[in-house]
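*Asks:*
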Amino acid sequence: MSKRQLAMVMDLNKCIGCQTCTVACKTQWTNRNGREYMYWNNVETYPGAGYPKNWMELGGGFDAAGDLQAGVIPNLEADYGVPWDYNYDELSTNNLIAGNAKPGFSPNVEPTWGPNWDEDEGAGMFPQDNYFFYLPRICNHCTNPGCLSACPRDAIFKREEDGVVLVDLDRCQGYRYCIAGCPYKKIYFNPKISKSEKCILCFPRVEQGLPPACAQQCVGRIRFVGFLDDEESQVYKLVHKYKVALGLRQDYGTQPNVYYVPPTESPAKFDADGKIIEGSTRLPIEELEKLFGPGVHDAIKTIKSEMQKRKETGESELMDILIAYQHADMFRLDNNYYQEVAKSKGNRLAPPVDTRYIVGKHTAGAHAINFYHGGDFKAGGHH
Ligand code: SF4
Ligand code: SF4
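Here's what the structure looks like:
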């Protein structure tokens, strides 16, 4: 159990499936060196097979008695898909001039599966009752991580200061029990170095006053980041105060620390004549219950009643948070805290590169921060 837990909330009502988060992560951490097929952040269409294919059916996690469940290691080709490139060489200018190029732009291997293979397909019958929504996923930095429990080498650890779950690459021998043990299949095997790798919640960025890349770049402003014990953080308010943000598949027993505001609105169904069926909704509540547990009913009720309150009175703290007027309010990274932790370990962190997001339980407002003075970091004063 870590001392504090850094957490993320994603508001699914606002995700537009643009994959900016995916690209932000991919370009920062996983675009080469055996990580080509890895998506530490992916955004899948729900309902759908997801990434890796059918991850919800591959086991891992814990049963009600707290025992680790057997799991399957996804197959590289069949379940993740071979990352393909395109026939750029054949289309090079010289080949085109020589008339050698194949007609058209095509993958350099025959792809059979990959991330977002079933994007936007969803379920139901068009146009009567088809539906889907986007489900962005990263490692949940679980309180009771299945990956950690499954590792016989003690190569996976949860950072005491913020609960970030990491792989110690010096200890990892590439046994891959962690992949079977994670019910979310959010830890990957790097075939080039024979070790497991995973989302690191961008801890080097967080320690420098920057939110995780996926969250900072998110076009829909759906991602909030903060500590769960920081009552001023929007993360705390969404998870604990209003209880509208819920863990994904809590039945897996790993106590995930990424939370989701469930989708609350969906269009009405059409009848056979193409007329709206009044009072109907396309998104089956059973699907949301499967993903987010029974708490989803109250969460939706709270969101709807706060929407109504906002319409009637113009006031609602919850709606203001979810609208996310100010990017800076969405992230509270508590930079003094990280400075104190580093100091206690005899280390020294460089000053934050961005002061907009550094406030937190131990860190006063951004404008009241002093940076290093003779090697000492002070907060709360003025230059
Ligand atoms: S989501 Fe999976 S990889 Fe991440 S901490 Fe939980 S069990 Fe481990
Ligand atoms: S960047 Fe934001 S809105 Fe776009 S897909 Fe990712 S989570 Fe959704």
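Residue numbers (my numbering): 1371 to 1753. No residue lacks a Cβ here, since even glycine has one placed at the ideal position from N, Cα and C. These numbers were taken from a predicted model, which means no experiment stands behind them.
Are Arg1529 and Leu1518 closer than 8 Å when you measure CB to CB?
*Replies:* Along the sequence shown, one-based indexing puts residue 1529 at 159. Along the sequence shown, one-based indexing puts residue 1518 at 148. Contact flag unset, no.
*Asks:* Just how far apart, CA to CA, sit Val1723 and Gln1578?
*Replies:* For the purposes of this step, residue 1723 is taken as residue 353 along the sequence shown, with counting starting at 1. For the purposes of this step, residue 1578 is taken as residue 208 along the sequence shown, with counting starting at 1. If I take the Cα positions, the gap works out to 6 Å.
*Asks:* Sorted by chain position, which residues of the same chain lie with C-beta nearer than 6 Å to Arg1541's C-beta, five sequence neighbours on each side aside?
*Replies:* Translated into the one-based positions of the sequence shown, residue 1541 becomes position 171. Correct list, in chain order: Arg1523 and Ala1525.
*Asks:* Go to Asp1668, then tell me how far its alpha helix (DSSP H) extends in each direction, as first and last residue.
*Replies:* Stepping through the sequence shown from its first residue, residue 1668 is reached at position 298. Residues Gly1665 to Thr1683.
*Asks:* Leaving out the 5 sequence neighbours to the left and right, which residues in its chain are closer than 6 Å to Ala1419 when beta-carbon positions are compared?
*Replies:* Residue numbering aside, residue 1419 sits at position 49 when the sequence shown is read from its first letter. Answer for Ala1419: Asp1488, listed in chain order.
*Asks:* Tell me whether Gly1451 is buried or exposed, calling it buried when 16 or more other Cβ atoms sit within 10 Å of its Cβ.
*Replies:* On the sequence shown, position 81 is the one that residue 1451 refers to. Gly1451 is buried by the Cβ-count criterion.
*Asks:* Is there at least one non-hydrogen atom of ligand 1 closer than 7 Å to the beta-carbon of Cys1512?
*Replies:* Reading the sequence shown from its first residue, position 142 is the one you call residue 1512. Answer for Cys1512: yes, Cβ within range of ligand 1.
*Asks:* Roughly how many whole angstroms lie between the Cα atoms of Pro1789 and Gly1430?
*Replies:* This structure cannot settle anything about residue 1789, because the visible part of the chain is limited to 1371 through 1753.
*Asks:* Are the CB atoms of His1732 and Tyr1695 within a distance shorter than 8 Å?
*Replies:* Translated into the one-based positions of the sequence shown, residue 1695 becomes position 325. Translated into the one-based positions of the sequence shown, residue 1732 becomes position 362. Contact: no.
*Asks:* Touching or not, the stretch 1407-1422 and the stretch 1386-1398, by the rule of three or more beta carbon pairs under 8 Å?
*Replies:* The stretch 1407-1422, when compared against the stretch 1386-1398, does touch it at the 8 Å Cβ threshold.
*Asks:* What is the rounded straight-line gap between the Cα of His1511 and the Cα of Gly1469?
*Replies:* On the sequence shown, position 141 is the one that residue 1511 refers to. On the sequence shown, position 99 is the one that residue 1469 refers to. Using only the alpha carbons, I get a separation of about 53 Å.
*Asks:* Hey, is the stretch 1678-1696 in contact with the stretch 1544-1552, meaning 3+ C-beta pairs nearer than 8 Å?
*Replies:* No contact exists between the stretch 1678-1696 and the stretch 1544-1552.
*Asks:* As a quick check of your reading: which residues have a C-beta less than 7 Å from at least one non-hydrogen atom of ligand 2, in chain order?
*Replies:* Qualifying residues, in the order they occur: Met1380, Lys1384, Cys1385, Ile1386, Gly1387, Cys1388, Gln1389, Thr1390, Cys1391, Thr1392, Val1413, Tyr1504, Pro1506, Cys1584, Gln1587, Cys1588, Val1589, Gly1590, Ile1592 and Arg1593.
*Asks:* If you draw a straight line from the C-alpha of Phe1496 to the C-alpha of Cys1521, how long is it?
*Replies:* For the purposes of this step, residue 1496 is taken as the residue at position 126 of the sequence shown. For the purposes of this step, residue 1521 is taken as the residue at position 151 of the sequence shown. Taking the straight line from one Cα to the other gives about 45 Å.
*Asks:* Could you pull out every residue in the same chain whose Cβ sits closer than 8 Å to the Cβ of Glu1710, ignoring the five residues on either side in sequence?
*Replies:* Sequence index remark: in the sequence shown, residue 1710 carries index 340 (1-based). Closer than 8 Å at Cβ, skipping near neighbours: His1732.
*Asks:* Could you spell out where the alpha helix (DSSP H) holding Arg1593 opens and where it closes?
*Replies:* Counted from its first residue, the sequence shown places residue 1593 at position 223. Unbroken run through Arg1593 is the beta strand (DSSP E), Arg1593 to Phe1597; no alpha helix (DSSP H).
*Asks:* Is there at least one non-hydrogen atom of ligand 1 closer than 7 Å to the beta-carbon of Lys1568?
*Replies:* Taking the first residue of the sequence shown as 1, we reach residue 1568 at position 198. True, at least one ligand heavy atom lies under 7 Å from that Cβ.
*Asks:* Could you tell me whether the Cβ atoms of Ala1585 and Met1378 are closer together than 8 Å?
*Replies:* Within the sequence shown, numbered from 1, the residue matching residue 1585 stands at position 215. Within the sequence shown, numbered from 1, the residue matching residue 1378 stands at position 8. A contact, by the Cβ cut-off of 8 Å.
*Asks:* Pop quiz: Pro1633 and Leu1382 are said to be a contact at Cβ under 8 Å. What is the actual Cβ separation, rounded to whole angstroms?
*Replies:* Position 263 of the sequence shown, counted from the first residue, corresponds to residue 1633. Position 12 of the sequence shown, counted from the first residue, corresponds to residue 1382. About 5 Å separates the two Cβ atoms, so the contact holds.
*Asks:* Can you name the start and end residues of the beta strand (DSSP E) that Val1535 belongs to?
*Replies:* Walking along the sequence shown from the start, residue 1535 turns up at place 165. Val1535 -> beta strand (DSSP E) spans Val1535 to Val1537.
*Asks:* Report all residues from its chain with a CB closer than 8 Å to the CB of Ala1434; omit the five preceding and five following residues, and keep chain order.
*Replies:* Sequence index remark: in the sequence shown, residue 1434 carries index 64 (1-based). Gly1623, listed in sequence order.
*Asks:* Could you tell me the boundaries of the alpha helix (DSSP H) in which Thr1390 lies?
*Replies:* What you label residue 1390 is simply residue 20 of the sequence shown in a count that begins at 1. Its alpha helix (DSSP H) spans residues Thr1390 to Trp1399.
*Asks:* Who are Arg1507's beta bridge partners in DSSP?
*Replies:* Taking the first residue of the sequence shown as 1, we reach residue 1507 at position 137. Answer is Asn1412, bridged to Arg1507.
*Asks:* Ligand 1 and Pro1444: does any heavy atom of the ligand fall closer than 7 Å to the residue's C-beta?
*Replies:* On the sequence shown, position 74 is the one that residue 1444 refers to. Not under cutoff, so the answer is no.
*Asks:* Can you tell me which of Gly1474, Arg1619, Trp1454 and Pro1453 puts its alpha carbon nearest to the alpha carbon of Glu1460?
*Replies:* Residue mapping note: residue 1460 aligns to position 90 of the sequence shown, counting from 1. Closest option to Glu1460, Cα to Cα, is Gly1474.
*Asks:* Classify Asp1704 as helix, strand or coil using the three-state DSSP reduction.
*Replies:* As a first step, residue 1704 must be located in the sequence shown, where it is residue number 334. Residue state, collapsed to three classes: coil.
*Asks:* Quick check on the burial criterion: 16 or more other C-beta atoms within 10 angstroms. Buried or exposed for Met1380?
*Replies:* If you number the sequence shown from 1, residue 1380 lands on position 10. Flag for Met1380 reads buried.
*Asks:* Short of 8 Å in beta carbon distance, which residues of its chain neighbour Pro1561, apart from the five on each side in sequence? Order them along the chain.
*Replies:* If you number the sequence shown from 1, residue 1561 lands on position 191. Only Gly1404 and Leu1446 meet the Cβ criterion.
*Asks:* When the distance is taken between beta carbons, is Trp1425 closer than 8 Å to Cys1569?
*Replies:* Here residue 1569 is taken as the residue at index 199 of the sequence shown, counted from 1. Here residue 1425 is taken as the residue at index 55 of the sequence shown, counted from 1. For Cys1569 and Trp1425, no; Cβs fall outside 8 Å.
*Asks:* Grab me the residues of Thr1672's own chain with a C-beta within less than 8 Å of its C-beta, minus the 5 sequence neighbours each way, in chain order.
*Replies:* Taking the first residue of the sequence shown as 1, we reach residue 1672 at position 302. Cβ neighbours of Thr1672 beyond the five flanking positions: Tyr1612, Lys1613, Val1614 and Leu1688.
*Asks:* Which residue wins for smallest C-alpha separation from Asn1627, given the options Phe1662, Glu1657 and Asp1641?
*Replies:* One-based indexing of the sequence shown puts residue 1627 at position 257. Among Phe1662, Glu1657 and Asp1641, the Cα nearest to that of Asn1627 is on Phe1662.
*Asks:* DSSP state of Glu1489, grouped into three classes?
*Replies:* The sequence position of residue 1489 within the sequence shown is 119, counting from 1. Glu1489 falls in the coil class under three-state DSSP.
*Asks:* Could you give the distance in angstroms between the alpha-carbon of Asp1490 and the alpha-carbon of Lys1423?
*Replies:* If you number the sequence shown from 1, residue 1490 lands on position 120. If you number the sequence shown from 1, residue 1423 lands on position 53. In a straight line, the C-alpha of Asp1490 is about 15 Å away from that of Lys1423.
*Asks:* Quick check: does the Cβ of Thr1400 come within less than 7 Å of any heavy atom belonging to ligand 1?
*Replies:* In the sequence shown, residue 1400 corresponds to position 30, counting from 1. No, the Cβ of Thr1400 stays beyond 7 Å of every heavy atom of ligand 1.
*Asks:* At which residues does the beta strand (DSSP E) containing Asp1381 begin and terminate?
*Replies:* By one-based count along the sequence shown, residue 1381 stands at place 11. Note, Asp1381: beta strand (DSSP E), Leu1376 to Asp1381.
*Asks:* Nearest CA to the CA of Phe1701: which residue from Gly1649, Ser1603 and Ser1686?
*Replies:* Along the sequence shown, one-based indexing puts residue 1701 at 331. Here the closest residue by C-alpha is Ser1603.
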